[in-house]
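S.K.: In my numbering, the protein residues as written are 5 to 79.
So, in structure tokens, the structure goes:
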């Protein structure tokens, strides 16, 4: 998940590259769920982590995160 995020005190476009939050979620080892069910859990986790970090980081961009993400079809 990639979310633009310019920290306080910086001007958008001021840096050599854009400011952003990047969330990469995965698993290590065996899991109880597989397929789209596992993908949904990882997507939901990444979304919650990005939303929390965005708010804690006081990003300048105006972004509204949806309360719930669309559900993937059952495998």
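No residue lacks a Cβ here, since even glycine has one placed at the ideal position from N, Cα and C. Bear in mind the structure is a predicted one, so any value in this text is a computation, not a measurement.
1. How big is the Cα-Cα spacing for residue 27 and residue 13?
2. Classify residue 25 as helix, strand or coil using the three-state DSSP reduction.
3. Under the rule that 16 or more other beta-carbon atoms within 10 Å means buried, what is residue 10, buried or exposed?
4. How about residue 30 and residue 46: are their beta carbons less than 8 Å apart?
5. For residue 77, which residues from the same chain have a beta carbon less than 7 Å from its beta carbon, with the 5 sequence-adjacent residues on both sides left out?
6. Between residue 48 and residue 73, is the Cβ-Cβ spacing less than 8 Å?
7. Within its chain, find whatever has a CB closer than 6 Å to the CB of residue 44; leave out the 5 residues flanking it on each side and keep chain order.
M.R.: Result, derived from the coordinates:
1. 23 Å
2. strand
3. buried
4. yes
5. Shown here for residue 77: same chain residues with a beta carbon closer than 7 Å to its own, the five before and five after excluded, namely 40 in chain order.
6. yes
7. 76
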